[in-house]
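Each residue of the sequence shown is one higher than the one before, starting from 8 at the first, in our numbering. Each residue gets a CB set at the ideal place from its N, CA and C atoms; glycine is no exception. No experiment lies behind these values; they were computed from the predicted model shown. This report refers to the structure that appears directly beneath it.
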Amino acid sequence: MQTRSTMTAIALGLAAAVAMPAFAQDAGPDRDGHFSGPYIQGFFGSASRGKDTGDSLRFDTNRDGRYNDVVTLANGADAFSPGFCDGGARGATRASGCRGDKDGIEYGGRIGYDYRMNNFVFGGLVEASKNEAVDRTTGFSTTPASYTFERELKYNVSGRLRAGYTPGGGALFYVTGGGGMAKINHSFFTTNAANSFSENRDGKMVWGWQAGGGAEIMVTNNVSLGVEYLYNRYKDNKYNVAVDRGTAPVTNPFLTGGGNGSNIKLTNSDFNFHSLRATVGFHF
Numbered sequence: 008m009q010t011r012s013t014m015t016a017i018a019l020g021l022a023a024a025v026a027m028p029a030f031a032q033d034a035g036p037d038r039d040g041h042f043s044g045p046y047i048q049g050f051f052g053s054a055s056r057g058k059d060t061g062d063s064l065r066f067d068t069n070r071d072g073r074y075n076d077v078v079t080l081a082n083g084a085d086a087f088s089p090g091f092c093d094g095g096a097r098g099a100t101r102a103s104g105c106r107g108d109k110d111g112i113e114y115g116g117r118i119g120y121d122y123r124m125n126n127f128v129f130g131g132l133v134e135a136s137k138n139e140a141v142d143r144t145t146g147f148s149t150t151p152a153s154y155t156f157e158r159e160l161k162y163n164v165s166g167r168l169r170a171g172y173t174p175g176g177g178a179l180f181y182v183t184g185g186g187g188m189a190k191i192n193h194s195f196f197t198t199n200a201a202n203s204f205s206e207n208r209d210g211k212m213v214w215g216w217q218a219g220g221g222a223e224i225m226v227t228n229n230v231s232l233g234v235e236y237l238y239n240r241y242k243d244n245k246y247n248v249a250v251d252r253g254t255a256p257v258t259n260p261f262l263t264g265g266g267n268g269s270n271i272k273l274t275n276s277d278f279n280f281h282s283l284r285a286t287v288g289f290h291f
């Protein structure tokens, strides 16, 4: 099911596409020539997490830095045998269900420069954006208890190249790709009231990349409208949660791995999402 923000972005894109031919009448005869030189753009749309499959948690019970252990009960059974879900827990048990990832709005701005040679356009841009998409993953233990990890992109700054073609009529169709850095916020929630938990935050920006494409049309000699799609992926593997004794007995499963406690992190070390945007630009 599409979220309200996704449908809003689609509506904006369709509105821009419908408006393009009408507004283009105001542009000069050499409309393609305006896709050469510096420009600024703003954009608004949606950031969608898409469908995750198989996300779970991994454990380091002896704190040797390798997250390849199993948290076990006294009888050797897996303490997380109830399993995992690609979402946030609604309660302490798997039966209580999970709410899914959250899609959200995305907005930002960019500056760029294009060079047009015949009908081909080559250029580069630098942009900054923010979105409200949230990724959630939960594990359930036999206690019963739930352990939910959430992450949200606070902002990102990226640089991309783009290459396009102008078939005439003041329209540009392009592909784009590049790298960037993002600040990702993390949160942890649990119904386990016995152990103590501390979040280990790296605090640094993470690296990633973007790729996609779009279309623009000059609606006046200087103003363009467009639509754009981007796939975004950022490497996010530093954040983890340390589990210590708290008020739990020494036989607690988190304490019996030889490390006097355990660390937990996500199996999915990538934060990825899809961007669908409507753009408006001014070309100098």
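- Distances from the alpha-carbon of G220 to those of G184, S194, K137 put G184 closest.
- Comparing C-alpha distances from Y236 to each of N163, V133, Q217 shows the shortest one belongs to Q217.
- Taking C-beta atoms under 8 Å as the contact rule, F51 and R284 qualify, at a distance of about 7 Å.
- When the Cα atoms are used, D85 and C92 turn out to be separated by approximately 16 Å.
- A check of alpha carbon separations from F87 across I271, N279, G166, N275 identifies I271 as the nearest.
- The C-alpha of R123 lies about 6 Å from the C-alpha of F42.
- Inclusion of N199 and A152 in the CB contact set at 8 Å is warranted, their separation being smaller than that value.
- Annotation for F291: no beta strand (DSSP E) segment contains it, and DSSP assigns it neither H nor E.
- Residue pairing by DSSP places T144 opposite F156 in a beta bridge.
- The three-state reading of DSSP puts F87 in coil, since its state is none of H, G, I, E or B.
- Counting only the Cα atoms, A135 lies some 23 Å from M225.
- Per DSSP, the unbroken beta strand (DSSP E) holding K242 starts and ends at 230-242.
- Under the three-state reduction of DSSP, L262 is assigned to helix.
- A residue is called buried when at least 16 other Cβ atoms come within 10 angstroms of its Cβ; G90 does not meet this threshold and is exposed.
- Under the three-state reduction of DSSP output, D39 falls in the helix class.
- Just so you know, the alpha carbons of N267 and H193 end up roughly 25 Å apart.
- Closest in C-alpha terms to L160, from the list N275, G104, N207, M212, comes M212.
- Counting the other CB atoms within 10 Å of its CB gives A201 a total below 16, which places it among the exposed residues.
- With contacts defined by Cβ atoms closer than 8 Å, G215 and R143 do not form a contacting pair.
- Here N125 has no same chain residue with a Cβ atom under 6 Å from its own Cβ, once five neighbours each way along the sequence are excluded.
- One alpha carbon belongs to N275, the other to F156, and they sit about 11 Å apart.
- Looking at the DSSP output, M188 sits in a beta bridge with V164, W214.
- With contacts defined by Cβ atoms closer than 8 Å, D108 and S53 do not form a contacting pair.
- With fewer than 16 neighbouring CB atoms inside 10 Å of its own CB, T60 falls in the exposed class.
- DSSP, read as helix, strand or coil, puts R169 in strand.
- When DSSP reads this structure, D251 sits in a beta bridge with S203.
- In the structure shown, A285 adopts extended strand secondary structure according to DSSP, grouped into three states.
- DSSP places D209 outside any beta strand (DSSP E), giving it a letter other than H or E.
- Here D243 is buried: its Cβ has 16 or more other Cβ atoms, across all protein chains shown, within 10 Å.
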